[in-house]
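Participant:
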Amino acid sequence: RRMNDRITAAGLAELDRRRDDLAGVENGIAASVQRRDVELMLQHFGDDLRAELRRYTLREPIGPATLETVRTVLEDARAAIRSTLRH
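Counting in our numbering, the sequence shown runs from 1364 upward without gaps.
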């Protein structure tokens, strides 16, 4: 059996009163999802490079150029990410 329910004037008024609450909840959920996405990206990035470095070092040691590249790139990435977090 199908029913056609209609929202009452009181129900509409309640929705209007709680609109800001709902927007706050939606914003909180979106921020939480974005934060988790970033955390997962960072985790996957680190896991992937660690695994690749382990495979590489089974064949030969890491040279000074690779070490300096890793240091420089990670410092630059850290600075760039922190800069966007401050704006």
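Glycine included, every Cβ here is placed at the ideal spot set by N, Cα and C.
What is the residue span of the alpha helix (DSSP H) that residue 1427 lies within?
Facilitator: 1427–1449
Participant: Can you give me the C-alpha to C-alpha distance between residue 1413 and residue 1446, rounded to a whole angstrom?
Facilitator: 25 Å
Participant: According to DSSP, simplified to helix, strand and coil, what is residue 1411?
Facilitator: helix
Participant: What first and last residue would you give for the alpha helix (DSSP H) that runs through residue 1380?
Facilitator: 1372–1380
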